[in-house]
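Asker: This note's numbering puts the first residue of the first sequence at 766, with every later residue one more than the last. The C-beta atom is built at its ideal place from N, Cα and C for all residues, glycine as well. I have a structure I would like to understand better, so I am pasting it below and will then ask my questions one at a time.
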Amino acid sequence: MVKKLGAEFYNRKDVVKISKELLGKILVTNWKGVITSGRIVECEAYAGVIDKASHASGGRRTPRNEIMYGEGGYAYVYLCYGIHHLFNVVTNSRDIPHAILIRALDPIEGIEEMLLRTDKKKLDHTLTRGPGNVSKALGIFTKHSGLSLLGDRIFIADDGGRYSKKETAASPRIGVDYAGKDAFLPYRFYVKGNPFVSGKPR
DNA sequence: GAGTAGATCCTCT
DNA sequence: GAGGATCTACTCA
């Protein structure tokens, strides 16, 4: 039984808790009938204004991150280093800019299509490892920023699959060294032993 | 195997 | 005009 997550899932206040619950859920994109999906095995929480690693740190508000200040349940896509598209899930309610970065997926559906998009010959653990690759494999670009996850084009589903506490772990986030002590917050959640988890142990 | 540099472009100051 | 929530390839050991 697969069911799409509704607004009540995203609009809760505890972004860390939502992040943990996202592990095991399925991210689906449906561009003009072409469906690709994967199970979320790694993500990071960005806790709004108090989090120096977040784009909304200290209450920063720009046209780019405006979507983070909206309702939960929207996609926030951002281009990093001119190359990588990073896909985030906006959570919490209006004016509270919490978001969750999806870092890795375990591919389920549309693997052929993902291989085409990423210019790979065969499935290997690099296909959906790392946020840049996830977006590439699912065909997510900055123009998709602001899309509702309650629609049909991009959404997150629950098929009842769930990882137990023993199978998951938390660690400091990746690539946010500039954030001072906030870089050490254990806001990265992943499935232990999954080959798609980008492992840069610290 | 580990460490480092380069790619590449949008966004904010 | 500078820098970034990254990835890959290449160098050196």
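1. If I'm right that Lys-790 touches Leu-770 with Cβ under 8 Å, what's the distance once you round it to whole angstroms?
2. Thinking just about the alpha-carbon of each residue, which of Ile-939, Met-879 and Asp-779 is nearest to the one in Tyr-955?
3. Check whether the stretch 890 to 910 and the stretch 851 to 863 touch, using three or more Cβ-Cβ pairs below 8 Å as the test.
4. Using CA atoms only, rank isn't needed, just tell me which of Ile-861, Leu-880, Arg-777 and Asp-924 is closest to Ile-815.
5. Going by DSSP, what residue range makes up the alpha helix (DSSP H) through Val-780?
6. By Cβ distance below 6 Å, which residues in the same chain neighbour Val-806 in space, the five residues on each side in sequence not counted?
7. Among the residues of its own chain, which have a CB less than 7 Å from the CB of Tyr-928, if the five just before and after it don't count?
8. Short of 7 Å in beta carbon distance, which residues of its chain neighbour Cys-845, apart from the five on each side in sequence? Order them along the chain.
9. Determine the DSSP secondary structure at Phe-920, reduced to helix, strand or coil.
10. The beta strand (DSSP E) with Asn-830 in it runs from where to where?
11. Is it the case that the CB of Arg-859 approaches a heavy atom of the ligand ADP more closely than 8 Å?
12. Taking only runs that begin and end inside the stretch 809 to 880, name each unbroken alpha helix (DSSP H) of 4 or more residues, in chain order.
13. Opposite Gly-926 in the DSSP bridges: which residues?
Answerer: Reading from the atomic positions:
1. 7 Å
2. Ile-939
3. In this structure the stretch 890 to 910 touches the stretch 851 to 863; the number of beta carbon pairs closer than 8 Å is three or more.
4. Ile-861
5. 780 to 787
6. Ala-869, Asp-871, Val-956, Asn-959, Phe-961 and Val-962
7. Leu-788, Gly-789 and Val-956
8. Leu-851
9. strand
10. No beta strand (DSSP E) holds Asn-830; DSSP gives it neither H nor E.
11. The ligand ADP is not part of this structure, which contains no ligands at all.
12. none
13. The bridge partners DSSP lists for Gly-926 come to none.
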